[in-house]
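Here's the structure we're looking at; comments come further down.
Protein chains in written order, with the working numbering: chain R, 1 to 243; chain H, 244 to 661.
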């Protein structure tokens, strides 16, 4: 198996507050990892460091063979290979769903418009909202918006997908439709790192589970072991509260 | 107590409405007679009471007809719209009486007592406005001191502009981009060359001779087109993470915002040439244009910065996560949204700019208001300041109102929250 993401002794501070403490993590190609933990434990910060939406101060982060640091000149190239889905969707409200999807392929990857639109329609079909392509984000439901955001990220044909609590801002009814799309994506062989509280999804999809608390990775284990016999007491406590 | 304050009620609807409307009627008759026939029915009262008599009568009358759900549609409509409370009744009456009192004299001055025919001041015999003044000076108000025989050049430059703008609405979407580029980058050069001349067999007309409304348009249009991008880059610069760029932008903006335009124009006329090496000469009009552009750009920058700050952080992060760099992120994602948000502020700045153009008189350039100023001091036309300024005011109002409407349309058109 090829390593595609590698974190070595990563430390990150927000002013005096240490958000990540000595984080070590390896992700192989096509591996699915679900990160869980209480709020403020550094889960989001961790995955946001992977595409440098946050800057880490110590340690090494290597994505697809390239180290990410302040010296990285073509950070845009790395970001183009790492798709991200946000809790708040962050669709571009001034563009139609189709334009949301074609914008980056056309301007960043220099793809011809026609080809980009074809690609966008394929991805919109994949998340089952092809019929909404001409609408604007403000006209869609939360679930549809989040699936559009997923399609938008997929249009860059990323090697890795990061999910930052993709269902936390959704009504319970809409959570399922988004998770279904994510399960499809996982089955297609995408490398995924997902921060979520949806343990059903984790059991179905994840190869490995990570539990974080206070900026540290407390436990990393195969999904089955993680749920059946967690090693640390902190994990046991967390699981007992959430399951 | 109950008998002192009569409460209008439904049982005695007819009598209340009859007495009430009679009182209102009398109050209106009093004001009308006062305005048009110069009669004062209430002259037997003390003068102050007489002055307010219609208001008092009208208020009592409206109080009496204020009956809720009377069943009469007209009465109900009057009551809900003009007469919902005593305060509203008084305010409605004051507004209506003021209109009756002051609109007719204004109309008289403008039209009925005004003079339109003739060619000299002596032809103005009426007590109203002397529009002959505007008529005789119209050519100067529009073209300034531009030689009469060459005025076709200004006309054709503006006709070409309007034709191009008009055509841009009809050309297919694919060509529109090139059309706009032509309009913004190529046309101004053609227009300026046409008006200034000196080449292609056109007689050279120095900018000192330009003036009037055409100069208003030229200065406003160039300043508008130029101050927008400058302001945009200043706004981005002020939010830049590079200290050198950030502090330069802040310094620039605060410097220009902190000085009055009139001193900036003085500086451009008097000080600026001193810094130039001997022998170089920059035209007065160009110096003024640069001064106005930089001045308004500082304001524009702050307006645009307001829009940038209103955007959620998520928009930046989403753009970055798709692999966009600084410029793509700003031009594709951030600025389109930020600019849309601040259209009212941008329109505000543009209107202020157009209305600031008369200040270029300090360097000796006379646009519309400046020409009026000049014309009213002509010995043959002394005492015509009112007509001239009203005319200039109306023209400015029309220009600004058109811009304001356009910005409102643009807001509606760009709205995606349908």
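Each residue gets a CB set at the ideal place from its N, CA and C atoms; glycine is no exception. The model shown is predicted, which means the values in this text are computed figures rather than measured ones.
Does the beta carbon of residue 206 of chain R come closer than 8 Å to any beta carbon on chain H? Not flagged as an interface residue toward chain H: residue 206 of chain R, since no C-beta distance is shorter than 8 Å.
How about residue 567 of chain H: is its C-beta nearer than 8 Å to some C-beta of chain R? Closer than 8 Å to some Cβ of chain R, the Cβ of residue 567 of chain H qualifies, so yes.
Taking CB distances under 8 Å as the criterion, tell me whether residue 487 of chain H reaches chain R. Residue-level contact check: residue 487 of chain H does not touch chain R, since none of the beta carbons of chain R fall below 8 Å from its beta carbon.
Please list the partners that residue 108 of chain R has in chain H, where partner means a Cβ-to-Cβ separation under 9 Å. Per Cβ cutoff of 9 Å: 565, 566, 567, 568, 571.
Can you name, in chain order, every residue of its own chain whose Cβ lies under 6 Å from the Cβ of residue 101 of chain R, other than the five neighbours on each side? Same-chain partners within the cutoff: 120, 151, 152, 155.
Can you give the Cα-Cα distance for residue 377 of chain H and residue 620 of chain H, rounded to whole angstroms? Near 14 Å, if we compare the C-alpha coordinates of residue 620 of chain H and residue 377 of chain H.
Of the residues R/114, R/123, R/172, which one's Cα is nearest the Cα of residue 141 of chain R? Residue R/172 is the option with its Cα nearest to residue 141 of chain R.
Helix or strand or just coil, what does DSSP make of residue 302 of chain H? In the three-state scheme derived from DSSP, where H, G and I count as helix and E and B as strand, residue 302 of chain H is classed as helix.
Given a limit of 7 Å on CB to CB distance, which residues of the region 375-398 of chain H reach chain R? If the cut-off is 7 Å between Cβ atoms, the region 375-398 of chain H has nothing near chain R.
May I ask which residues mark the beginning and end of the alpha helix (DSSP H) holding residue 124 of chain R? Element bounds for residue 124 of chain R: 113-126.
Leaving aside the five residues before and after residue 340 of chain H along the sequence, list all residues of the same chain whose C-beta is less than 6 Å from its C-beta, in chain order. 274.
Under the three-state DSSP convention, the category residue 13 of chain R falls into: Note: residue 13 of chain R maps to strand in three-state DSSP.
CB contact below 8 Å: residue 589 of chain H versus chain R: Any Cβ of chain R closer than 8 Å to the Cβ of residue 589 of chain H would place that residue at the interface, and such an atom is absent.
Just by C-beta distance, which residues in the region 20-35 of chain R are closer than 9 Å to chain H? Answer set for the region 20-35 of chain R: empty.
Endpoints, alpha helix (DSSP H) assigned at residue 262 of chain H: DSSP places residue 262 of chain H inside the alpha helix (DSSP H), whose first and last residues are 256-275.
Proximal chain H residues relative to residue 79 of chain R, where beta-carbon distance stays under 9 Å: Here the neighbours are 563, 564, 565, 566, 567.
Any chance the region 81-94 of chain R sits against the region 560-580 of chain H, with 3 or more Cβ pairs inside 8 Å? They touch, by the three-pair rule.
Per DSSP, what kind of secondary structure is residue 361 of chain H in: helix, strand or coil? In the structure shown, residue 361 of chain H sits in coil (DSSP, three-state: anything other than H, G, I, E or B).
Going along chain R, which residues have a C-beta under 7 Å from residue 576 of chain H? Scanning chain R for C-beta atoms nearer than 7 Å to the C-beta of residue 576 of chain H yields 92, reported in chain order.
Go ahead and label residue 648 of chain H buried or exposed: buried means 16 or more other beta carbons lie within 10 angstroms of its beta carbon, across all protein chains shown. The residue in question, residue 648 of chain H, is exposed, as its Cβ has fewer than 16 Cβ neighbours within 10 Å.
Within chain R, the residues that residue 557 of chain H reaches when beta carbons sit closer than 7 Å: By Cβ distance, chain R contributes 86, 88, 90.
Please report how far the alpha carbon of residue 347 of chain H lies from the alpha carbon of residue 631 of chain H, in whole angstroms. One C-alpha to the other measures close to 21 Å.
8 Å Cβ cutoff met for residue 42 of chain R and residue 20 of chain R: Yes. Within cutoff.
For residue 474 of chain H, which residues from the same chain have a beta carbon less than 7 Å from its beta carbon, with the 5 sequence-adjacent residues on both sides left out? Cβ within range, chain order: 540, 543, 544, 547.
Verify the CB distance criterion: does residue 503 of chain H have a CB-CB separation below 8 Å to chain R? Chain R, which has no Cβ nearer than 8 Å to the Cβ of residue 503 of chain H, makes this no.
Closer than 8 Å by beta-carbon distance: list the chain H residues that pair up with residue 2 of chain R, in chain order. In chain order: nothing, as chain H lies at least about 22 Å away.
What three-state label does DSSP hand residue 594 of chain H in the structure shown? Residue state, collapsed to three classes: helix.
Nearest residue (CA-CA) to residue 406 of chain H, options H/360, H/256, H/396, H/426: Measuring from the Cα of residue 406 of chain H, the nearest candidate turns out to be H/426.
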